[in-house]
């Protein structure tokens, strides 16, 4: 869960900077430096790692595929990654722990 949380925050933060600072600078000030500095790491490094962390969480939590699609889409809509991350963490924390196998010490 920690990997997913970190990647959700990093991906969400970079997406907000990209959408609300870098792209407007590129469009209105004709300065594309920040969009390259933020956009390339977001698209080439952070979002693929976010997808891997989400898939790992999906596999471990045994969620239905539709739920995972919503979580993945949260990484491309500004601010939604933070909301979905909170919901995912709360849901996983509320789950009961699996019982230990009989005869385990």
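Numbering (UniProt numbering), first residue to last: 1 to 105.
Ideal Cβ positions, reconstructed from N, Cα and C, are used throughout, including at glycine.
None of the values given here were measured: they were computed from a predicted structure.
Among the residues of its own chain, which have a CB less than 7 Å from the CB of residue i, if the five just before and after it don't count?
i	result
residue 17	38
residue 47	11 and 75
residue 19	78
Ordered along the chain, which non-local residues of its own chain (more than five positions away) have a Cβ less than 6 Å from that of residue i?
i	result
residue 80	74
residue 25	31 and 34
Please report the Cβ distance between residue i and residue j, rounded to the nearest whole angstrom; I am assuming they are in contact, meaning their Cβ atoms lie under 8 Å.
i	j	result
residue 7	residue 49	5 Å
Exposed or buried, which one is residue i when buried takes at least 16 other CB atoms within 10 Å?
i	result
residue 71	buried
residue 29	exposed
residue 69	exposed
residue 88	buried
residue 86	exposed
Measure the CB-CB distance between residue i and residue j and report whether it falls below 8 Å.
i	j	result
residue 1	residue 65	no
residue 41	residue 15	no
residue 53	residue 83	no
Spell out whether any CB of chain D is found under 8 Å from the CB atom of residue i.
i	result
residue 47	Any reference to chain D falls outside this structure, which holds one protein chain only.
In its own chain, which residues sit with a C-beta less than 8 Å from the C-beta of residue i, not counting the 5 before and 5 after it?
i	result
residue 51	72 and 75
residue 55	68
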